[in-house]
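*Asks:*
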Amino acid sequence: MATAQQDPADPITDFARRRVDVAGTVKTVYVAGTGPAVVVLPEMPGISPDVLRLARWIRDAGCTVFVPSLFGTDGAYPTAAGGTAVFKRACVSAEFRAFASGGTSPVTSWLRGLARQAHQECGGPGVGAIGLCFTGNFALTMTLEPAVIAPVVNHPSLPIDDPAGIELSPEDAAAVRARVERDGLTVLSYRFDNDRWCTGQRFAAYRKLLGDAFDGRVLPGDRANPAPPEFFAEVVGTPHSVVTAHLVDEAGHPTIEARDQILAFLTERLLPATG
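And the structure:
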């Protein structure tokens, strides 16, 4: 698969850079916009320009976006070597549970605290959360924070050693199911049909856990961007990132339709009705 010519890194100058403290743990978060909050999680191996493009679309739809830095180099396009090094470090980090025996990633506790703070700051009916790839399932786990009412689980890749698994402990899985049922939440999710990191088996596991609350949508992999950044072409090696690296920014394209569906999902739940 050919790779696109590498573009310069995104300087992220249109976001405010904050240091956010949750229970004594401090992380960098990029914030932009006005309106109800949406936490946009980075995908492996970091906050790429494609992740920031998605965050800007959400900002321009009328929301305040919070993009936490969890790994990698903020604003950089991921190279194969650099991205692989970030991935390996994340897999052994105490913050993440990349494998089936790990259960829920501890970093999700910090992310729930971020969502709580963002709701207190921005108001509105609640908070949206978008997970991507390595962080895909984190958006679901974040529903254990009552403020989170609009979770989007994009191409979740964990646990990486179990294609039919969900990155949750049994106790948290039960708690998530209870929250979704109690408050009538919908969990929106996307994958490509030939994605080897987020398989049909994984979507089946989500449906088993969440029932009709799981709205899993599958796009044809042959419509994915054929020239993604280097890390995705050489390491990921399969259609994967529906609304970031493998998005094709053309009117009517399935990935742009997915982008528009996500924006509608967020605005319908977070923005007050007008007219």
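Using this note's numbering, the letters of the sequence shown map in sequence onto residues 478 to 752.
Glycine included, C-beta positions come from ideal geometry on N, C-alpha and C.
In this text, all values refer to a predicted model and were calculated from it rather than measured experimentally.
(1) Whose C-beta lies closer than 7 Å to the C-beta of Leu687 among residues of the same chain, with five residues either side of it excluded?
(2) Please classify Val516 as buried or exposed, where buried requires at least 16 neighbouring CB atoms within 10 angstroms.
(3) Rounded to the nearest angstrom, what separates Cys599 and Pro513 at their Cα positions?
(4) According to DSSP, simplified to helix, strand and coil, what is Ser586?
(5) In chain order, what residues of the same chain lie with their CB nearer than 6 Å to the CB of Leu740, ignoring the 5 residues before and after it?
(6) Is there contact here, the region 723-740 with the region 570-585, by at least three beta-carbon pairs under 8 Å?
(7) Let me confirm a value: Gly661 is counted as buried when at least 16 other C-beta atoms fall within 10 Å, else exposed. Which label applies?
(8) Can you tell me whether Asp638 is buried or exposed? The criterion is at least 16 other CB atoms within 10 Å of its CB, across all chains shown.
(9) Buried or exposed: which applies to Glu644, given that a residue is buried once 16 or more other Cβ atoms fall within 10 Å of its Cβ?
(10) What three-state label does DSSP hand Lys523 in the structure shown?
(11) Does Arg673 come out as helix, strand or coil in the three-state DSSP assignment?
(12) Alpha carbon to alpha carbon, what distance is there between Tyr667 and Cys610?
(13) Among the candidates Gly642, Thr502, Thr550, Val630, whose CA atom is the shortest distance from the CA of Phe615?
(14) Exposed or buried, which one is Glu648 when buried takes at least 16 other CB atoms within 10 Å?
(15) Distance, Cα to Cα, Phe564 vs Gln597?
(16) If you count every other CB in all the chains shown that lies within 10 Å of the CB of Asp689, and 16 or more means buried, which is it?
(17) Is DSSP giving Ile637 helix, strand or coil here?
(18) Helix, strand or coil for Ser666? Go by DSSP, reduced to three states.
(19) Since Ile626 is in the beta strand (DSSP E), which residue starts that stretch and which ends it?
(20) Exposed or buried, Val503, counting other C-beta atoms within 10 Å across all chains shown (16 or more means buried)?
(21) Round the Cβ separation of Gly523 and Asp551 to the nearest angstrom and send it over; I've been treating them as touching at under 8 Å.
*Replies:* So, from the data block:
(1) Sequence-distant Cβ neighbours of Leu687 in its own chain, meaning closer than 7 Å and more than five residues away, are Arg654, Val657, Val664.
(2) buried
(3) Computed Cα separation, rounded: 5 Å.
(4) Correct three-state label for Ser586: helix.
(5) Ala538
(6) At 8 Å Cβ cutoff, the stretches do not touch.
(7) Its Cβ having fewer than 16 others within 10 Å, Gly661 is exposed.
(8) exposed
(9) Residue environment: Glu644 is assigned as buried (16 or more neighbouring CB atoms within 10 Å of its CB, all protein chains considered).
(10) Contrary to the premise, residue 523 reads as Gly rather than Lys in this sequence. Three-state DSSP puts Gly523 in a strand.
(11) Coil.
(12) Their backbone Cα atoms lie some 10 Å apart in a straight line.
(13) Of Gly642, Thr502, Thr550, Val630, the residue nearest in Cα terms is Val630.
(14) exposed
(15) So the two alpha carbons sit approximately 33 Å from each other.
(16) exposed
(17) The answer is coil: DSSP assigns Ile637 none of H, G, I, E or B.
(18) Correct three-state label for Ser666: strand.
(19) 625-631
(20) Val503 comes out exposed.
(21) 7 Å
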